[in-house]
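Going down the list, the sequences are from chains H and W. Going by my numbering, the letters in the first sequence line up with residues 46 to 366, in that order. Going by my numbering, the letters in the second sequence line up with residues 46 to 366, in that order. Glycine included, C-beta positions come from ideal geometry on N, C-alpha and C. From a predicted model like this one, the values you see are computed outputs, not experimental measurements.
Protein chains: 2
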Amino acid sequence: MVYIGIDIGGTDVKIGLLDEDANILAQGKTPTGVGGSYQDMIGNMADYALKLLSQIGYTLDDVAAVGVGVPGVASNITGVVMRCVNMQWWNIPLREEMQKHIPKPIVIDNDANLAGFAESICGVSADTGSSVFITLGTGVGGGLIINGRPWSGHHSAGGEIGHIIMQIDGEPCTCGRRGCVERYCSATALIRLAKEAAIEHHESTLWSVSDNNLEKLNGKNIFACAMAGDETAVAVFDRYIHYLCLALSSIICLLDPQVIVIGGGLSKDGPFLLNAIQSRIKGYLAFPEVPYAEIKIATLGANAGFIGAALLAKQMLEETV
Amino acid sequence: MVYIGIDIGGTDVKIGLLDEDANILAQGKTPTGVGGSYQDMIGNMADYALKLLSQIGYTLDDVAAVGVGVPGVASNITGVVMRCVNMQWWNIPLREEMQKHIPKPIVIDNDANLAGFAESICGVSADTGSSVFITLGTGVGGGLIINGRPWSGHHSAGGEIGHIIMQIDGEPCTCGRRGCVERYCSATALIRLAKEAAIEHHESTLWSVSDNNLEKLNGKNIFACAMAGDETAVAVFDRYIHYLCLALSSIICLLDPQVIVIGGGLSKDGPFLLNAIQSRIKGYLAFPEVPYAEIKIATLGANAGFIGAALLAKQMLEETV
Numbered sequence: 046m047v048y049i050g051i052d053i054g055g056t057d058v059k060i061g062l063l064d065e066d067a068n069i070l071a072q073g074k075t076p077t078g079v080g081g082s083y084q085d086m087i088g089n090m091a092d093y094a095l096k097l098l099s100q101i102g103y104t105l106d107d108v109a110a111v112g113v114g115v116p117g118v119a120s121n122i123t124g125v126v127m128r129c130v131n132m133q134w135w136n137i138p139l140r141e142e143m144q145k146h147i148p149k150p151i152v153i154d155n156d157a158n159l160a161g162f163a164e165s166i167c168g169v170s171a172d173t174g175s176s177v178f179i180t181l182g183t184g185v186g187g188g189l190i191i192n193g194r195p196w197s198g199h200h201s202a203g204g205e206i207g208h209i210i211m212q213i214d215g216e217p218c219t220c221g222r223r224g225c226v227e228r229y230c231s232a233t234a235l236i237r238l239a240k241e242a243a244i245e246h247h248e249s250t251l252w253s254v255s256d257n258n259l260e261k262l263n264g265k266n267i268f269a270c271a272m273a274g275d276e277t278a279v280a281v282f283d284r285y286i287h288y289l290c291l292a293l294s295s296i297i298c299l300l301d302p303q304v305i306v307i308g309g310g311l312s313k314d315g316p317f318l319l320n321a322i323q324s325r326i327k328g329y330l331a332f333p334e335v336p337y338a339e340i341k342i343a344t345l346g347a348n349a350g351f352i353g354a355a356l357l358a359k360q361m362l363e364e365t366v
Numbered sequence: 046m047v048y049i050g051i052d053i054g055g056t057d058v059k060i061g062l063l064d065e066d067a068n069i070l071a072q073g074k075t076p077t078g079v080g081g082s083y084q085d086m087i088g089n090m091a092d093y094a095l096k097l098l099s100q101i102g103y104t105l106d107d108v109a110a111v112g113v114g115v116p117g118v119a120s121n122i123t124g125v126v127m128r129c130v131n132m133q134w135w136n137i138p139l140r141e142e143m144q145k146h147i148p149k150p151i152v153i154d155n156d157a158n159l160a161g162f163a164e165s166i167c168g169v170s171a172d173t174g175s176s177v178f179i180t181l182g183t184g185v186g187g188g189l190i191i192n193g194r195p196w197s198g199h200h201s202a203g204g205e206i207g208h209i210i211m212q213i214d215g216e217p218c219t220c221g222r223r224g225c226v227e228r229y230c231s232a233t234a235l236i237r238l239a240k241e242a243a244i245e246h247h248e249s250t251l252w253s254v255s256d257n258n259l260e261k262l263n264g265k266n267i268f269a270c271a272m273a274g275d276e277t278a279v280a281v282f283d284r285y286i287h288y289l290c291l292a293l294s295s296i297i298c299l300l301d302p303q304v305i306v307i308g309g310g311l312s313k314d315g316p317f318l319l320n321a322i323q324s325r326i327k328g329y330l331a332f333p334e335v336p337y338a339e340i341k342i343a344t345l346g347a348n349a350g351f352i353g354a355a356l357l358a359k360q361m362l363e364e365t366v
């Protein structure tokens, strides 16, 4: 049987077909079409999934179940996406609409939860009973695996590491509040720190690496300046690692997982980031004498979302049979 | 059969004997004896438990299992208390030593985890699949119940809500770090805020209620001043509720439990505290349009620790049989 995994993003929908052993049989992507009706958007992604299926010689009869990840709050109990700002979706009956095109069991969840679940099954945190997945990208996402099971929360709204408050009345966040982890630990936050520092330090290579246009700063070129020893970039990187270690120490205090998996855009320069965290995290722990989580870089990359969606579909089916 | 629950505190050890249906057959307390050898301390509490047992006509043969809670980090895998500052215990073989006196299966865990577990079985969060227990006392403790099971962490060091960082480089904490939730949300923090405000406002009833000795301020008399409408005390209380709602919003973002249970000293003025939180928490949520945790006051009071210890002993036995 085949499991369809669908990972809805703000730009593209990534879709993969997995077999019983979690091998990827086919994968591809199609534009999300934000701005269209939800019926058109969901119809388009379902059609694309069915096209992929026929390309490898399968039909709807071969599909066991479907998993769908969304960058927002989605309830698997009701099948409804309650909130998804990127998609401009509020209370969208995703499962019902998708089943018009693919009449199979469908499980839905948050995308970061699914990516974390994928890593815990066939990625860097495989065979661990508990792990916390954290994505460092435009925002900060998270997924929790506890006692071997994904935990999305009672109202399907958990795992939002990016919205833990780490500064009382701090930086304004896109969520309307202030001081969220996302404002200090995302790639967006790193870029903000770098811009502010570059404006103070015209001698910094942060200027040359961005062709004197600070809008071109990104995680990759900021890390490159720091790696090359630029004093301003090193200070920015140190400040960023300080914030990140504070946030990681909060996760360790509260959840004490076996592994913390770091994914998202900034994890692509894995060793540089990981070395910095690993060499400093112990100094940030409340109980430094007690063993604590291993910190690792995610290995499934951009495929993690659809892999996790397909795997959760498989798990759901196994548990209901 | 009888289950012995032992709740070790800095001053007293509370001990209760429970039957199969979680009824308390007997209970009492004995001084902890901090400063003595761990062998003497553990021997004393075991003797006291055995004395309680004989007082109600039972013998060691009637004991099925023992649960022990400690105000620190205790591993049920090794049976060792890794860290317990109040007791001056580091790497103490609690289970091994206790079994010299009570040769029965013994489970050990953190005291707040056990109190939260007790509330989730026979207290205010009974019959819920997920709950977070938070104690507002000298410090801030926590216990997590996820998918119906207590989660103490992979290294037995989880649930430490009090040491989530809520202020970058903030108030110094007893753990050696800065900005921990405990520094803003404990009774100690409330008292600190009240002292600072009273010094600025000599007209406040915070002075009369403490006989002009601010060392006599406590949660109860500060709340009383605020309830009576003293302007300074109301401002202190509002500030405290602001901090507490920020911390609760972080728990909701990350764990999205079905219920949050508030225990500890400050919960004794339950309705006043609870009304303030319930009327304001929605304004602190990242996703205010999504349903969120019910917030309730703990009901088991000071017995929660030994009840949870006995219940976990029972659960352990049921799962190993």
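With DSSP run on the structure shown, which of helix, strand or coil describes residue i?
i: W/A171; result: coil
i: H/E339; result: strand
i: H/V226; result: coil
i: W/F332; result: coil
i: W/K240; result: helix
i: W/M46; result: coil
i: H/D314; result: helix
i: H/D214; result: coil
i: W/Q360; result: helix
i: W/M132; result: coil
i: H/L155; result: Sequence check: residue 155 of chain H is Asn here, not Leu. Three-state result, H/N155: strand.
i: W/L70; result: strand
i: H/T41; result: Nothing about residue 41 of chain H can be read from this structure; chain H reaches only from 46 to 366.
How big is the Cα-Cα spacing for residue i and residue j?
i: W/G112; j: H/G198; result: 29 Å
i: H/S165; j: H/A343; result: 10 Å
i: W/C230; j: H/C290; result: 22 Å
i: H/N131; j: H/I53; result: 10 Å
i: H/F369; j: H/Y285; result: This structure gives no information on residue 369 of chain H, because the portion of chain H shown stretches from 46 to 366.
i: W/K145; j: W/I60; result: 18 Å
i: H/G124; j: W/I69; result: 44 Å
i: H/A355; j: H/G346; result: 16 Å
i: W/A202; j: H/A292; result: 17 Å
i: H/Y48; j: H/A110; result: 5 Å
i: W/C270; j: W/C225; result: 27 Å
i: H/D57; j: H/I340; result: 29 Å
i: H/Y329; j: H/D256; result: 36 Å
i: H/I137; j: H/C167; result: 31 Å
i: H/K327; j: H/L98; result: 48 Å
Cβ of residue i less than 9 Å from any chain W Cβ?
i: H/E164; result: no
i: H/P138; result: no
i: H/C230; result: no
i: H/I340; result: no
i: H/W196; result: yes
i: H/S249; result: no
i: H/R222; result: yes
i: H/Q212; result: yes
i: H/C167; result: no
i: H/M143; result: no
i: H/D301; result: yes
i: H/L189; result: yes
Taking only beta-carbon positions, decide if residue i is within less than 9 Å of chain H.
i: W/H199; result: yes
i: W/P336; result: yes
i: W/R325; result: no
i: W/F178; result: no
i: W/D314; result: no
i: W/V115; result: no
i: W/N121; result: no
Would residue i count as contacting chain A if we go by Cβ distances under 9 Å?
i: H/Q133; result: The structure shown contains no chain A; its protein chains are H and W.
Any 3 or more C-beta pairs closer than 8 Å across the segment 253-267 of chain H and the segment 159-167 of chain W
no
Check whether the segment 317-329 of chain H touches the segment 344-362 of chain H, taking contact to mean three or more Cβ pairs, one atom from each stretch, closer than 8 Å.
no
Mind pulling the alpha helix (DSSP H) runs of 4 or more residues that sit fully within the segment 96-124 of chain W?
none
Scan the segment 277-308 of chain H and note each continuous beta strand (DSSP E) run of 3 residues or more that stays entirely inside, going in chain order.
304-308
So does the segment 206-226 of chain W actually touch the segment 295-303 of chain H, counting three or more Cβ pairs closer than 8 Å?
yes
Any contact between the segment 230-243 of chain W and the segment 184-191 of chain W? By contact I mean 3 or more CB pairs, one from each, below 8 Å.
yes
Spell out a yes or no on whether the segment 146-153 of chain W and the segment 96-111 of chain W are touching, meaning 3 or more CB-CB pairs, one atom from each, closer than 8 Å.
yes
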